[in-house]
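See structure below.
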Ligand code: TNX
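Residue numbers (this note's numbering): 267 to 803.
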């Protein structure tokens, strides 16, 4: 039987046992109960693909001398080929050379011949007795096809060390593409600072579920996490605190670039957030002139919200914001710049609107698209071409958001009672909070981003995002425990067609991810709503 959830999230040994069993080889693995030895049926993929046509009598087994072939002359396809080979080499122990020679025996990644319907992120995957062929129109499409192939291989393919095969995939064809272009995850690195390596590993994990945006909440009352050359005290002083009084930390520009590059290699776009004009105590502590009274605030390590505000009527505050946003935009290749805008209770309404009406064009002037929490939809705040509101409310209707949508805004859906990964699953959950209620995996799955909010039709929905706030979460184990299994639920809502929505089918596919997570060393929440497959072959 599974250990109790409360115990599991802390249990490093569980991770070691799973890997140890694999390292010892097939004999030990076969001893575990309920082992699924047959390869995964085609279509047992998460998020569920648009269309799956299994070929009952065909299957492909990767031979030891398999080659990864990529589109001739395409550096992009070669990059995805190198990524795929890098995924498969540790567990298979195969050499898996990557050759830019088009289609061949083994696995081929091609940028030709994909059906137009797959668009810029989709792919077609064909598995026959002779080969695996992934076709897409872009590198992102090939990458998504690779994630599907990865899930069709046995869970032990995730092993960090060589284990015996066979590496068999069932035959058939998958044609697949996303429902929404934006599928996101957020890490709050402000309340508790998270090391670069933790962020990189999170990127690796979210990519498996075709999540393509990582939103980094880089500043808040408790800490400033990104170096800004024109205002060095933000990181050097404002970065030295965190909730509970730990050492904090910040990313140098080189480290931030390292995260952005790591993400880009996984077709994940980083969305940086500088929260304005509230949630700014770390800045107000670093630079006295940002306060109306000209006096620096003391550092803050508690968990209250809504008490801080930049002095929005001061000209030097606008210069500050322009400089900071300019530097962050220059570091960020992606199209979005998130300006927060939430819980600005210490900023009078009229000042809030006037401030945002100057900040939004500043963002546009950097060449980026404005994203903000849905409060930037306040009636006094003008529409800015292309802007995106991130909805984090708990109701099915919000006139503010509907009105902003009527003026042209698009929406990323993150309803707190569905998509917030920092909410506890149930009263036994140790990490996290419960202000938006308990959020079990079925709550995270059973809603429709395309019809969740009155006045926000699916056509206005850019996508979904699962934020993870860290007031009450600080370790990588806690992050994993809170994200799994809810993050894949949100990922499926963002990717799979609405018509495929089916809790029972989803729960079955989710249960099959358990052994994979065990091999990956993810201490997930064994939700009682799901029947979890035991560690199998
Ligand atoms: C609300 S959600 C906040 C954050 C907190 C979070 C905790 C949002 C835009 N603001 O400041 O961290 O709740 O769950």
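By construction, the Cβ of each residue, glycine as well, lies at the ideal position given by its N, Cα and C atoms.
Given the structure is predicted, the values throughout are model-derived calculations rather than measurements.
Restricting attention to alpha helix (DSSP H) runs no shorter than 4 residues, the segment 490-525 encloses them at 499-502, ordered along the chain.
Under DSSP, residue 731 shares a beta bridge with 450. In the three-state scheme derived from DSSP, where H, G and I count as helix and E and B as strand, residue 320 is classed as strand. Shortest gap from the CB of residue 608 to any heavy atom of the ligand TNX: under 6 Å. In this structure residue 527 is exposed. Its beta-carbon is surrounded by fewer than 16 other beta-carbon atoms within 10 angstroms. Using a 10 angstroms sphere on the CB of residue 611, the tally of other CB atoms stays under 16, which defines it as exposed.
Rounded to the nearest angstrom, the Cβ distance from residue 419 to residue 399 is 16 Å, too far for a contact under 8 Å.
Residue 364 is positioned such that its CB atom lies closer than 7 Å to that of residue 351.
In this structure, the C-beta of residue 637 stays at least 6 Å away from each heavy atom of the ligand TNX.
Of the candidates 310, 682 and 359, the residue whose Cα lies closest to the Cα of residue 426 is 359.
For residue 783, no beta strand (DSSP E) run applies; the uninterrupted alpha helix (DSSP H) run containing it begins and ends at 780-786, by DSSP. Here DSSP, grouped into helix, strand and coil, assigns residue 759 to helix.
The Cβ atoms of residue 482 and residue 543 do not sit closer than 7 Å to each other. Under the Cβ criterion (8 Å, minimum of three pairs), the segment 372-391 counts as touching the segment 328-346.
With fewer than 16 other Cβ atoms from the protein chains shown falling within 10 Å of its own Cβ, residue 585 counts as exposed. Per DSSP, the unbroken alpha helix (DSSP H) holding residue 468 starts and ends at 462-473. About 5 Å separates the Cβ atoms of residue 629 and residue 603, confirming a contact at the 8 Å cut-off. Counting only residues of its own chain and dropping the five nearest sequence neighbours on each side, residue 732 has a CB closer than 6 Å to the CB of 451, 685, 687, 753 and 756. Annotated as distal: residue 561 and residue 551, with beta-carbon spacing of 7 Å or more.
Taking C-beta separations shorter than 6 Å and ignoring five residues to either side along the sequence, the partners of residue 347 in its chain run 334, 336, 364 and 375, following chain order.
With respect to the C-alpha of residue 748, the residue from 487, 696, 422 and 316 having the closest C-alpha is 696. Per DSSP, residue 769 is one residue of the alpha helix (DSSP H) stretching across 769-777. Residue 367 has its Cβ no nearer than 6 Å to any heavy atom of the ligand TNX. Between residue 578 and residue 613 the beta-carbon gap is near 6 Å, inside 8 Å, which marks them as a contact. For residue 360, the three-state secondary structure derived from DSSP is coil. Shortest gap from the CB of residue 783 to any heavy atom of the ligand TNX: 6 Å or more. Note: residue 485 is bridge-paired with 490 in the DSSP secondary-structure output. Taking non-hydrogen atoms of the ligand TNX into account, the C-beta of residue 768 is found less than 6 Å away from none of them. Sequence-distant Cβ neighbours of residue 726 in its own chain, meaning closer than 8 Å and more than five residues away, are 671, 675, 676 and 677. The beta carbons of residue 313 and residue 762 sit closer together than 7 Å. In the three-state reduction of the DSSP assignment, residue 569 falls in the coil class.
The straight-line gap separating the alpha-carbon atoms of residue 649 and residue 638 is approximately 12 Å. Separation of residue 387 and residue 766 (C-alpha to C-alpha, rounded to the nearest whole angstrom) is 19 Å. By the Cβ neighbour-count rule, residue 509 is buried, with 16 or more other Cβ atoms within 10 Å of its own.
Less than 7 Å divides the Cβ of residue 660 from the Cβ of residue 682.
If you check the CB distance, residue 488 and residue 457 come in under 7 Å.
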